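The sequence shown begins at 319 in the working numbering and counts up by one. Built from N, CA and C at the ideal position, the CB exists for glycine as well. This structure is a prediction, so every number in the text was calculated from the model and none was measured.
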Amino acid sequence: MTDTIFDKIIRREIPADIVFEDEHLIAFRDIAPQAPVHVLFVPKTPIATLNDLAPEQAAIVGRLAHAAAQYAKREGFAEDGYRVVMNCNDHGGQTVFQIHLHLLAGAPLGRFGTSR
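Rendered as structure tokens:
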């Protein structure tokens, strides 16, 4: 797997607005937010796409989801609601090839549209 911008953030080679970190993952505000709250939750284990996730690594995705839910509760918008999204490959909208979870909140997000 090639070095990504997320690897550089984890190593503190480039700045980020980090909102959470533990031994397994890091979370930071998206530099191009799609909602008033847009935080990325990134595992420290390098995995390019969900397609590359091995069965024994399934808990990594659970950690991302749990960290996002805890963040939503801590920041006070869990009850209003939020969206979590994981993109996979080009057609799925993935632009950084390290799995990550988007948490979007802070305004009504509406429904997903239909495919084109």
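Top-ranked residue by Cα proximity to residue i, from the options
i, options, result
"Ala385", "Ala353, Phe415, Val357", "Val357"
"Gln449", "Leu382, Pro333, Ile327, Asn369", "Lying outside 319 to 434, the shown extent of the chain, residue 449 is not represented and no answer is given."
"Ile349", "Arg392, Phe324, Glu393", "Phe324"
Contact under 7 Å by Cβ, residue i with residue j
i, j, result
"Val360", "Ile344", "yes"
"Val402", "Leu371", "no"
"Lys362", "Ile417", "no"
"Ala390", "Ala383", "no"
"Leu419", "Met404", "yes"
Contacts around residue i, its chain only, beta-carbon distance under 7 Å, and the 5 residues preceding and following it disregarded
i, result
"Arg347", "Asp335, Val337, His356, Val357"
"His342", "Pro361, Lys362, Arg381"
Proximal residues to residue i (C-beta, below 6 Å), its chain only, five neighbours per side dropped
i, result
"Lys326", "Ile332"
"Glu339", "none"
Residues of its chain near residue i, where Cβ-Cβ distance is below 8 Å and the 5 sequence neighbours each way are ignored
i, result
"Arg434", "At Arg434 the pLDDT is 49, less than 50, meaning the model places this residue with poor confidence; the figure from the coordinates comes in the next sentence. Nothing listed; no residue qualifies."
"Ala425", "Ala353, Pro354"
"Asn407", "Thr367, Asn369"
"Phe415", "Met319, Thr320, Thr322, Ala366, Thr367"
"Asp398", "Ala423"
For residue i: DSSP bridge partner residues
i, result
"Glu339", "Ile344"
"Ala425", "BP columns for Ala425 are empty, so no partner."
"Val379", "In DSSP, Val379 forms no bridge with anything."
"Val414", "Val414 pairs with nothing; no bridge assigned."
"Pro361", "Leu343"
Whole-Å CB distance - residue i paired with residue j, under 8 Å assumed
i, j, result
"Ile400", "Ala423", "As written in the sequence, residue 400 is Tyr, which differs from the Ile given in the question. The Cβ separation is near 4 Å, so the contact holds."
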